[in-house]
Amino acid sequence: MSLESKQSVTSDLLDTFDRPLRSLRLSVTDRCNLRCQYCMPEEEYAWLPRNTLLTFEEINVLVSIFTEFGVDRVRLTGGEPLLRRDLPTLIRMISQHARVQDIALTTNGILLEEQGQDLFDAGLHRVTVSLDTLKPERFKALTRRETFDRVLVGIQSVEKFGFKGLKIDTVAMKGFNDDELVDLIEYGKSVNAEVRFIEYMDVGGANEWAMEKVLSRAEILLSLRQKYGPIEPVIENSSAPAQRFLLSDGTTFGIIPSTTTPFCATCDRSRLTADGFWYLCLYAKDGIDLREPLRMKDLAEVRKRIQTGWNARTDRGAEDRKQLEQASMRGRFIEIEKLRRDPRLEMHARGG
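Read left to right, the sequence shown gives residues 310 to 661 (the working numbering).
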């Protein structure tokens, strides 16, 4: 598909709270080779029909249009993005856009060792690997798969491929891995990775989320101080979701406190599903269809939907959920039967 002449964009898009459009989380598949309890606890889902998935050429056209409106960071997600065949081809395409300054990928690491070099050579800048436990038996219980060793091999291979700035994402849950926080920090040191602890979030609906399972930022910091002593916040001007902290030995780590301390006020990211629906918030229940005008080759309409969608954006989903909690009304986000009818409502379809 060839691009028509670009419209002149005089300024970056701003939403109703003056938040710019900067970061695009790009889901390339809704499939995954794990079944983590907090994300995909069921074996089978209502999968996106294969004929609706965007081709790499279609994705590239959309990325080009998004850059016109200010996007300069792209993160490839899934499901598990390394299940999408020939992913380096897409990375090469995206890397040609001058405005895109950062191309990152979030993966569970299982296929990373075998694909990592091709990803780096294609132009991928950074890798984030999800790892919630260092105990093989816990990994199996959480994921219902016996691929723990492959994940560790994938993590250990990242540096040799040439990647810098490796991050390890850990969903912190009471009663599951709250006794491993120090071990994970120390493991991060051993592989030159910055660990980021993520508060357990109540997106989707099949994961049986409960507030009593959430290990809060305050609790994480208290636990780590008992081992490391004083912990200082890293002062930086950033719209990144993680709040970063510094140990006395110079080690940094992050906490993403979406559940207890939402960061909606500075959120500049949106999500594109593998079948071309654009979601303005992780908690959004409705997406904007970009595939339909794209396949009709009506790029003016694609631009119009992006511009009007972001200009009208009022989403502050995590804050809204927090208010429900304060009113003792924070129940299941989406009912199971509705999830089974609409595959885009689960977090694995929109990049988590």
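All residues carry an ideal CB built from backbone N, CA and C; glycine is no exception.
Predicted model only: the values in this text are computed from it and were never measured.
Taking V460 as part of the alpha helix (DSSP H), name the residues at either end of that continuous run. Start at 1 with the first residue of the sequence shown, and residue 460 comes out as number 151. Run containing V460: 457-470, per the alpha helix (DSSP H) assignment.
So does the stretch 552-572 actually touch the stretch 488-508, counting three or more Cβ pairs closer than 8 angstroms? Short answer: they touch.
Within 10 angstroms of the Cβ of R359, are there 16 or more other Cβ atoms? Answer buried if so, exposed if not. In the sequence shown, residue 359 corresponds to position 50, counting from 1. The residue in question, R359, is exposed, as its Cβ has fewer than 16 Cβ neighbours within 10 Å.
Expressed to the nearest angstrom, what Euclidean distance is found between the alpha-carbon atoms of R612 and W619? Indexing the sequence shown from 1 puts residue 612 at position 303. Indexing the sequence shown from 1 puts residue 619 at position 310. Computed Cα separation, rounded: 11 angstroms.
Give me the Cβ distance between L530 and I540, rounded to the nearest whole Å; I'm assuming they're in contact under 8 angstroms. Looking up residue 530 in the sequence shown gives position 221. Looking up residue 540 in the sequence shown gives position 231. With 8 angstroms as the limit, L530 and I540 qualify as a contact, their Cβ atoms being about 6 angstroms apart.
When DSSP labels each residue in this structure, what does F326 get in the three-state scheme? In the sequence shown, the residue the question calls residue 326 occupies position 17. Note: F326 maps to coil in three-state DSSP.
Contiguous beta strand (DSSP E) assignments of at least 3 residues, all confined to the stretch 333-394: 382-386
In angstroms with no decimal places, state the Cα-to-Cα distance between G660 and T325. The sequence position of residue 660 within the sequence shown is 351, counting from 1. The sequence position of residue 325 within the sequence shown is 16, counting from 1. Going from the Cα of G660 to the Cα of T325 covers about 24 angstroms.
Check: E528 C-beta below 7 angstroms from any heavy atom of the ligand HEM: Although the ligand HEM was asked about, the structure shown includes no ligands whatsoever.
Can you list, in chain order, the residues of its chain whose CB lies under 6 angstroms from that of P445, leaving out five sequence neighbours each side? Counted from its first residue, the sequence shown places residue 445 at position 136. F457.
Classify S441: buried if its beta carbon has 16 or more other beta carbons within 10 angstroms, exposed otherwise. As a working note, residue 441 is residue 132 in the sequence shown. A quick correction: the sequence has Asp, not Ser, at residue 441. Counting Cβ neighbours within 10 Å, D441 comes out buried, since at least 16 surround it.
Please return the same chain residues whose Cβ sits closer than 6 angstroms to the Cβ of A549, not counting the five positions on each side in sequence. Reading the sequence shown from its first residue, position 240 is the one you call residue 549. So the list is empty, once near-sequence residues are dropped.
Just mark E665 as buried or exposed, buried being the case when its beta carbon has 16 or more other beta carbons within 10 Å. Nothing about residue 665 can be reported from this structure: the residues present for the chain run from 310 to 661 only.
Considering I544, what are the terminal residues of the beta strand (DSSP E) in which it resides? As a working mapping, residue 544 is identified with position 235 in the sequence shown. Counting along the chain, I544 falls outside any beta strand (DSSP E), and DSSP gives it neither H nor E.
Report the residue ranges of all beta strand (DSSP E) runs contained in full by the stretch 496-532; include only those spanning at least 3 residues, in chain order. 503-508
Are the beta-carbon atoms belonging to L654 and K594 less than 8 angstroms from one another? Indexing the sequence shown from 1 puts residue 654 at position 345. Indexing the sequence shown from 1 puts residue 594 at position 285. Yes; because the gap between Cβ atoms is below 8 angstroms, this pair is in contact.
Less than 8 angstroms between the beta carbons of A407 and T437, yes or no? Here residue 407 refers to the residue found at position 98 of the sequence shown. Here residue 437 refers to the residue found at position 128 of the sequence shown. The answer is no: Cβ separation not under 8 angstroms.
R459 versus G474, Q424, K476, residue with shortest Cα-Cα distance: If you number the sequence shown from 1, residue 459 lands on position 150. When each option's Cα is compared against that of R459, the closest is Q424.
Per DSSP, what kind of secondary structure is Q552 in: helix, strand or coil? The residue labelled residue 552 in the question sits at position 243 within the sequence shown. Correct three-state label for Q552: strand.
Simplified DSSP assignment, three categories, for M482: Position 173 of the sequence shown holds residue 482. The answer is strand: DSSP assigns M482 an E or B state.
Please state whether the Cβ-Cβ distance between L475 and L443 is less than 8 angstroms. Translated into the one-based positions of the sequence shown, residue 475 becomes position 166. Translated into the one-based positions of the sequence shown, residue 443 becomes position 134. Going by C-beta atoms, L475 is not nearer than 8 angstroms to L443.
State the CB to CB distance for the pair P329 and L323, rounded to an integer number of angstroms; the pair is presumed to be in contact (CB under 8 angstroms). To locate residue 329, count along the sequence shown from 1; it is residue 20. To locate residue 323, count along the sequence shown from 1; it is residue 14. Going by Cβ atoms, the distance from P329 to L323 rounds to 6 angstroms, so yes, they are a contact pair.
Taking 8 angstroms as the cut-off, decide whether the C-beta atoms of V491 and L461 are in contact. For the purposes of this step, residue 491 is identified with residue 182 of the sequence shown, where counting begins at 1. For the purposes of this step, residue 461 is identified with residue 152 of the sequence shown, where counting begins at 1. For V491 and L461, no; Cβs fall outside 8 angstroms.
Using the beta-carbon count (16 or more within 10 Å), is V543 buried or exposed? Mapped onto the sequence shown, residue 543 falls at position 234. Flag for V543 reads exposed.
What do you get for A583, buried or exposed, if any count of 16 or more other CB atoms within 10 angstroms of its CB means buried? For the purposes of this step, residue 583 is taken as residue 274 along the sequence shown, with counting starting at 1. Classification of A583: buried, given that the 10 Å Cβ count is 16 or more.
Beta-carbon proximity list for R553, same chain, < 6 angstroms, skipping 5 on both sides: Within the sequence shown, residue 553 is the residue found at index 244, counting from 1. So the qualifying residues of the chain are V543, T561, G563.
Quick check: K483 and P571, are their CB atoms within less than 8 angstroms of each other? By one-based count along the sequence shown, residue 483 stands at place 174. By one-based count along the sequence shown, residue 571 stands at place 262. Taking 8 angstroms as the cut-off, the beta carbon of K483 is found no closer than this to the beta carbon of P571.
Note down the Cα distance separating T398 from A431, rounded to an integer number of angstroms. Reading the sequence shown from its first residue, position 89 is the one you call residue 398. Reading the sequence shown from its first residue, position 122 is the one you call residue 431. Cα-Cα distance, rounded: 7 angstroms.
Could you work out which residue in M402, T376, L603, E503 is closest to D478 when comparing CA atoms only? In the sequence shown, the residue the question calls residue 478 occupies position 169. Taking only the C-alpha atoms, the option nearest D478 is E503.
Can you tell me whether S439 is buried or exposed? The criterion is at least 16 other CB atoms within 10 Å of its CB, across all chains shown. The sequence position of residue 439 within the sequence shown is 130, counting from 1. Flag for S439 reads buried.
Roughly how many angstroms separate the alpha carbons of L451 and A527, rounded to a whole number? Taking the sequence shown and counting its residues from 1, one reaches residue 451 at position 142. Taking the sequence shown and counting its residues from 1, one reaches residue 527 at position 218. If I take the Cα positions, the gap works out to 24 angstroms.
7 angstroms CB neighbourhood of K315 in its chain, flanking five on each side removed: Numbered from 1 along the sequence shown, position 6 holds the residue referred to as residue 315. Note on K315: pLDDT 45, under 50, position unreliable in the model; no value is reported.
Terminal residues of the continuous beta strand (DSSP E) containing D411? Along the sequence shown, one-based indexing puts residue 411 at 102. First-last of the beta strand (DSSP E) with D411: 411-416.
Can you say whether L481 is buried or exposed, counting buried as having 16 or more other CB atoms within 10 angstroms of its CB? Start at 1 with the first residue of the sequence shown, and residue 481 comes out as number 172. Rather than Leu, the amino acid found at residue 481 in this sequence is Ala. Label assigned to A481: buried.
Terminal residues of the alpha helix (DSSP H) in which G425 lies: Indexing the sequence shown from 1 puts residue 425 at position 116. G425 -> alpha helix (DSSP H) spans 421-431.
Using three-state DSSP, classify L312 as helix, strand or coil. Here residue 312 is taken as the residue at index 3 of the sequence shown, counted from 1. Below a pLDDT of 50, predicted positions are generally treated as unreliable, and L312, at 49, falls in that range; the measurement from the model is reported next regardless. In the structure shown, L312 sits in coil (DSSP, three-state: anything other than H, G, I, E or B).
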